[in-house]
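Undergrad: Numbering (this note's numbering), first residue to last: 2 to 256.
Here you go, one structure.
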Amino acid sequence: MRHNKIIKIMAVISATLIVCLGTYWQHRLMPLKKVQVNQTSIPTIFVGGDYARAFSTAGFVHRLTAAHLMTKGLIVHVSQSGHVSVQQFAPLKANPTIQVIFADNHHAKRQARQFATVIAILAKRYHVTRYNAVGHSSGGNIIFDYLTANIDHPAKINKFVTIGSTYPGVTRKTIQQLPTRFPVLNIGDQIWQTTGDGGVKLDDVLKFSQQLRAAGWHPQTTIIHGSPLTAEHSMLHINPQVDLRLIQFLYGVIN
2 MRHNKIIKIM
12 AVISATLIVC
22 LGTYWQHRLM
32 PLKKVQVNQT
42 SIPTIFVGGD
52 YARAFSTAGF
62 VHRLTAAHLM
72 TKGLIVHVSQ
82 SGHVSVQQFA
92 PLKANPTIQV
102 IFADNHHAKR
112 QARQFATVIA
122 ILAKRYHVTR
132 YNAVGHSSGG
142 NIIFDYLTAN
152 IDHPAKINKF
162 VTIGSTYPGV
172 TRKTIQQLPT
182 RFPVLNIGDQ
192 IWQTTGDGGV
202 KLDDVLKFSQ
212 QLRAAGWHPQ
222 TTIIHGSPLT
232 AEHSMLHINP
242 QVDLRLIQFL
252 YGVIN
């Protein structure tokens with residue numbers, strides 16, 4: 002009898018959790034469901050940060066595809082040795098996404114070299130000629146290190162979004178090594194009135210925008226303010242404010 006009672010209690014708790022999660026998910030999607038954006042076949046490549054797995058970029062893809070603002074296109078897995086395997090879910094149309102997931106995901110310089118292989122494969126097999134790039138934390142460093150490397154670039158970057166990333170050691174000379182000029186969105190965050198997001202300092206994030214402007218660029222900068230539940234470093238990739246700012250920048254919102 003007691004055993005059955007425990008089972009019933011657990012069932013009620015589980016059902017309540019499912020309902021709460023469903024309600025929370027719909028709440029997160031609500032701002033996105035009211036938005037319409039322009040359509041393009043230019044894919045957007047998502048790269049997570051240190052020790053990030055698929056989860057860190059899958060949130061963007063799940064929410065934005067559920068809101069019919071993007072289309073889940075490819076997931077690219079890169080092994081520690083640099084071997085690249087690709088899963089295709091849809092043609093690269095209607096604001097397609099490409100997630101790049103590194104097995105060795107805490108050596109940004111090495112990952113930048115592996116990222117070059119990814120871009121070459123995307124250009125050859127999937128005829129990608131232009132792409133947007135979104136990097137969270139050190140994912141931004143991977144993309145930036147690739148872009149400033151003295152190598153051939155078989156596909157041209159269209160727009161770059163850097164989220165909660167810092168760029169120590171970057172100089173004006175480094176910025177001049179970028180292959181071309183392109184729009185940049187730099188997103189930082191601040192927990193209440195602290196100096197940053199608990200992972201990086203806001204001033205360090207904003208320094209990248211300052212360096213770009215000093216070199217003659219015109220970056221857009223957005224600061225997310227909030228509690229640890231919305232503005233903590235690892236929460237940026239599950240923050241609907243970031244989602245909205247991302248699609249506004251990449252595609253332009255239709256009134």
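Positions of the beta carbon are idealized from the N, C-alpha and C atoms, including for glycine.
Using a 10 Å radius around the Cβ and a threshold of 16 neighbouring Cβ atoms, would you call His-84 buried or exposed?
TA: Exposed, because fewer than 16 other Cβ atoms sit within 10 Å of the Cβ of His-84.
Undergrad: Going by other Cβ atoms of all chains shown within 10 Å of its Cβ, with 16 needed for buried, is Asp-204 buried or exposed?
TA: Exposed, since its Cβ has fewer than 16 Cβ neighbours within 10 Å.
Undergrad: His-219: which of Val-135, Thr-130, Phe-161 sits nearest, CA to CA?
TA: Taking only the C-alpha atoms, the option nearest His-219 is Phe-161.
Undergrad: How far does the alpha helix (DSSP H) with Gly-140 in it extend, from its first residue to its last?
TA: Counting along the chain, the alpha helix (DSSP H) containing Gly-140 begins and ends at 139 to 148.
Undergrad: If you count every other CB in all the chains shown that lies within 10 Å of the CB of Ile-1, and 16 or more means buried, which is it?
TA: Residue numbering for the chain in the displayed model covers 2 to 256; residue 1 lies beyond these limits and cannot be assessed.
Undergrad: Consult DSSP for His-226 and reduce its assignment to one of helix, strand or coil.
TA: Correct three-state label for His-226: strand.
Undergrad: With Ser-210 as the anchor, note down where its alpha helix (DSSP H) starts and where it stops.
TA: 203 to 215 is the extent of the alpha helix (DSSP H) around Ser-210.
Undergrad: To the nearest angstrom, how far is the alpha carbon of Val-185 from that of Lys-208?
TA: Answer to the nearest angstrom: the Cα atoms are 14 Å apart.
Undergrad: Can the beta-carbon of Ala-150 be found less than 8 Å from the beta-carbon of Ala-117?
TA: In contact: Ala-150 and Ala-117 (Cβ atoms closer than 8 Å).
Undergrad: Could you give the DSSP three-state label for Gly-170: helix, strand or coil?
TA: The answer is coil: DSSP assigns Gly-170 none of H, G, I, E or B.
Undergrad: Would you mind reading off the limits of the beta strand (DSSP E) that contains Leu-186?
TA: Note, Leu-186: beta strand (DSSP E), 185 to 192.
Undergrad: In terms of residue numbering, what span does the alpha helix (DSSP H) encompassing Thr-118 cover?
TA: Element bounds for Thr-118: 109 to 127.
Undergrad: Could you tell me whether the Cβ atoms of Phe-47 and Val-119 are closer together than 8 Å?
TA: Taking 8 Å as the Cβ cut-off, Phe-47 and Val-119 do not qualify as a contacting pair.
Undergrad: Check whether the Cβ atoms of Val-36 and Leu-245 lie closer than 8 Å to each other.
TA: Cβ atoms of Val-36 and Leu-245: closer than 8 Å.
Undergrad: Quick check on DSSP: helix, strand or coil for Phe-61?
TA: If DSSP states are grouped into helix, strand and coil, Phe-61 belongs with the helices.
Undergrad: So the alpha helix (DSSP H) Ile-239 belongs to, where does it begin and stop?
TA: It is not in any alpha helix (DSSP H) - Ile-239 carries neither H nor E in the DSSP assignment.
Undergrad: Excluding the five sequence neighbours on either side, which residues of its own chain have a C-beta within less than 7 Å of the C-beta of Gln-242, listed in chain order?
TA: The residues are Ile-225.
Undergrad: Specify the secondary structure class of Leu-247 as computed by DSSP and reduced to three states.
TA: Leu-247 falls in the helix class under three-state DSSP.
Undergrad: For Asn-240 and Ile-188, what's the separation of their Cα atoms in angstroms?
TA: Cα-Cα distance, rounded: 12 Å.
Undergrad: Work out the CA separation of His-137 and Ile-255 for me, nearest whole Å.
TA: Cα-Cα distance, rounded: 26 Å.
Undergrad: With a Cβ-Cβ cutoff of 8 Å, do Leu-70 and Leu-33 count as a contact?
TA: Contact flag set, yes.
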